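Student: Residue numbers (the numbering used here), protein chains in the order written: chain B, 1 to 426; chain P, 1001 to 1426.
No residue lacks a Cβ here, since even glycine has one placed at the ideal position from N, Cα and C.
Please read these numbers as outputs of a predicted model, since none were measured by experiment.
1) Chain P partners of residue 376 of chain B, CB-CB under 7 Å?
2) Does the beta-carbon of residue 1016 of chain P have 16 or more other beta-carbons within 10 angstroms, so that it is buried, or is it exposed?
3) Within 10 Å of its beta-carbon, does residue 1049 of chain P have 16 or more other beta-carbons around it, so buried, or fewer, so exposed?
4) Take residue 263 of chain B as the anchor and find which of B:221, B:89, B:243 has the nearest alpha-carbon.
5) Cβ of residue 168 of chain B less than 8 Å from any chain P Cβ?
6) Answer yes or no: does any C-beta atom of chain P fall closer than 8 Å to that of residue 353 of chain B?
7) What residues of chain D sit near residue 1411 of chain P, judged by a beta carbon separation below 8 Å?
8) Is the CB of residue 384 of chain B under 8 Å away from at least one CB in chain P?
9) Listing by chain order, which chain P residues have their CB less than 8 Å from the CB of residue 28 of chain B?
10) If we ignore side chains and look at the alpha-carbon of each, how far apart do residue 237 of chain B and residue 1392 of chain P end up?
11) With H, G and I counted as helix, E and B as strand and the rest as coil, what does DSSP make of residue 1001 of chain P?
12) Under 7 Å Cβ-Cβ, which residues of chain P neighbour residue 6 of chain B?
13) May I ask which residues mark the beginning and end of the alpha helix (DSSP H) holding residue 1337 of chain P?
14) Quick one: which chain B residues come within Cβ less than 9 Å of residue 1164 of chain P?
15) Using the DSSP secondary-structure output, state which residues sit across from residue 509 of chain B in a beta bridge.
16) Three or more beta-carbon pairs under 8 Å between the region 255-271 of chain B and the region 362-369 of chain B, yes or no?
17) Closest Cβ-Cβ distance between residue 297 of chain B and chain P: below 8 Å?
18) For residue 1109 of chain P, decide whether its Cβ has a neighbour in chain B, counting only Cβ atoms nearer than 8 Å.
19) Would you call the region 1193-1208 of chain P and the region 1076-1093 of chain P in contact, with 3 or more CB pairs under 8 Å?
20) Please tell me whether residue 1155 of chain P has its Cβ less than 8 Å away from any Cβ of chain B.
21) Taking only beta carbons into account, state which residues of the region 1175-1195 of chain P come closer than 7 Å to chain B, listed in chain order.
22) With 8 Å as the threshold, decide whether the Cβ of residue 119 of chain B is near any Cβ in chain P.
23) Would you list the residues sitting across from residue 72 of chain B in a DSSP beta bridge?
24) Flag residue 1152 of chain P as yes if its beta-carbon sits less than 8 Å from any beta-carbon of chain B, otherwise no.
25) Answer with yes or no whether the minimum CB distance from residue 63 of chain B to chain P is below 8 Å.
26) Starting from residue 1422 of chain P, follow the alpha helix (DSSP H) in both directions and report where the run begins and ends.
27) Taking C-alpha atoms, which residue in B:33, B:26, B:54 lies nearest to residue 3 of chain B?
28) Taking the alpha-carbon of residue 412 of chain B as reference, which of B:8, B:300, B:377 has the nearest alpha-carbon?
29) Run the CB neighbour count on residue 1123 of chain P, radius 10 Å, all protein chains shown included, and call it buried at 16 or more, exposed below.
30) What runs of the beta strand (DSSP E), each 3 residues or longer, lie entirely inside the region 1084-1129 of chain P?
31) Under three-state DSSP, which class holds residue 373 of chain B?
32) In whole angstroms, give me the CA-to-CA distance for residue 395 of chain B and residue 9 of chain B.
33) Which bits of chain P does residue 381 of chain B rub up against, with CB to CB less than 8 Å?
34) I'd like to know whether the C-beta atoms of residue 1285 of chain P and residue 1293 of chain P end up nearer to each other than 8 Å.
35) State the CB to CB distance for the pair residue 1230 of chain P and residue 1036 of chain P, rounded to an integer number of angstroms; the pair is presumed to be in contact (CB under 8 Å).
36) Taking Cβ positions, are residue 25 of chain B and residue 64 of chain B nearer each other than 8 Å?
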């Protein structure tokens, strides 16, 4: 990525530290992703997506901003990108999955908040996030205590909009959410100076529905007896969906899906025929965070389903494309996002029934509940999920961890114990 | 408390363990509260309030239930007791402040959630909470991630109602809150079979406003140069307000306030004239939790203000008593509770300005921000509060701790360092 050195310097990044970061991420990516054998050829696009996330993608956004576009930084899949795109903005998810940046956040934020929040803040604070200086607006939400209160502080320092997600799913909550989405539309229109029209909104809805359909299609292949793609690769695809230009992403995924169909026909799979099938459920595993999938798959199992914000929660439920007015379409958008079954809701019964449902659909042998440390909502909800899985005799463990590599050995031991349990019971 | 042994046995408590608990609480109360010299005579009522919290108060509620009353267990000062009382229910706050019960919760709940939640659950799980078996309805709220998700689990096991508190303070949030309060009314009416009338609601509003006025009056004395009551005793008064019958509590506090007025006239104070004046700000310090106040005051300082749910947040803002219909009065109730400046809101600017305001009103020399471990909202908000205090040159420290007594030495060291700083700068 050396050719972007000048760009990074112009953005005010700490170029030396940033270089270290890229090398560390690159080394992890090499060890945890590129080292896999028999990868689909089409994965090159997504390897490039990761590789260019601090380079080409940033340059592309800088060029678009020079032509008048605005960039919006988001931290959650509840932010309706359709509306941002219809107003001519470029939404990019800025969630951090790197461990190196955590200590930079801990200098001024509590240590005992989740690693995702700390990693994200630490990237900005350490001047190693190229998006921080080109972001025209941050959009936070009220999905968890740690993020909600972090926005209070950030919004005093940089342009920031906070989207309130209600905590129940009653009619009055839907009303509040609809109004919040309306306010988000106004905030984005004010930022870009471009009005959201029905035509543009129909286009952006169609574009992001296409992305969802293609991701769902890729995940359909994972339901098959010998999946043509590893869980680690599928994760990389889903992670890059949060960063890469959506139209290009779709073209690339279309190509990959064709190849996967062909591999299915030919019986090509990265897994042994008897590899235990694992679902990872819970917190997102964002770009930079490939450890869990790598540990599971390098232990001889196959991750066949991700029940997370970097998995099913991201691509399930399409936005209804019917409706001709902006208001109707915005309602459709609001309704789609309100269906997401994040643990931030009380109660969240949909998820308690959905996880075992997914376990059956993907024919999984065991579930690994993945909880980021100090994420109270997924951590406590894991108790009910564990109960629901036990009721269906699906083996499961709950792993609570941060991004620290020092836990790798312990995690591997727990995963191997789970796999042994699964293999013995087959 | 031996005479209640049969009652506790009938309630299904673990009588032996319960006896240990009472002795442990009694020992702490002796060491941290009763050991103070020159206490007001009127404190005997509140000592009794603590002493009878597992005895006489429980018996009283059992007797009321035999006559048809229903008991509601609450966990937060956002629950509008006025409405419960108007429907003939007896609301009792069940928040736990004891350390012994924490491990009982940790057996089935995550360790890294706040000690208040764990202590509360642990009391119920260890069969040492006499209210658990006589509670007809639990009322939880969505004020923090840990509680919100805990209710998901409890509500599957015992009758439970969840009150959604919104996360912003816009008009649409107020609308949602008003509707939630309306739903709470219906839930309570259904429980008791008693309709809330304007007359009864006017009565309960007047009763709880009286309690607020008397607490405010007691706290006015703490603003004086030589407060006639220690912060530890004032805390005991506020803690018992959450348990004791409100009318009896008011009578007792009226008597105490008269005595305090007299002590002011006579110049009687438990403090040295030059004792540094401290405000404790942040998380509640509920019954069983007297350590922080004891440490501060046994180090020679005076706690003169509690900016917490067991302090200003409990008694500030009266419910408007005007209005003649149930709907008008319920709106008044909703509006009063919506003014509470809990850190669960985003943003929560009122509190950022209110803490330094209180610091001036109570002429404090320093602020101790008290954060229960893993309470993300107060923990992160502490950063902005610290900034606001620093801007006014008010010395402050933030203490993040659980209920563990093993931290006592460390806490004392930090408090002494703060007091030294304050004394040197005088």
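Tutor: The short version:
1) 1113, 1145, 1146, 1149
2) exposed
3) buried
4) B:221
5) yes
6) no
7) Although the question refers to chain D, the structure presented lacks it and instead comprises the protein chains B and P.
8) yes
9) The premise fails here: residue 28 of chain B is roughly 26 Å from chain P at the closest Cβ pair, so nothing lies under 8 Å.
10) 51 Å
11) For residue 1001 of chain P, the pLDDT reaches just 44, beneath the cut-off of 50, and the residue's location in the model is therefore unreliable, although a value from the coordinates is still provided. Correct three-state label for residue 1001 of chain P: coil.
12) The premise fails here: residue 6 of chain B is roughly 35 Å from chain P at the closest Cβ pair, so nothing lies under 7 Å.
13) 1326-1338
14) 166, 167, 168, 170, 172, 173, 346
15) The shown model of chain B, from 1 to 426, leaves out residue 509 of chain B, and the question about it has no answer.
16) no
17) no
18) yes
19) yes
20) yes
21) 1176, 1179
22) no
23) B:91, B:137
24) yes
25) no
26) 1408-1425
27) B:54
28) B:300
29) buried
30) 1089-1093
31) coil
32) 50 Å
33) 1149, 1152
34) yes
35) 6 Å
36) no
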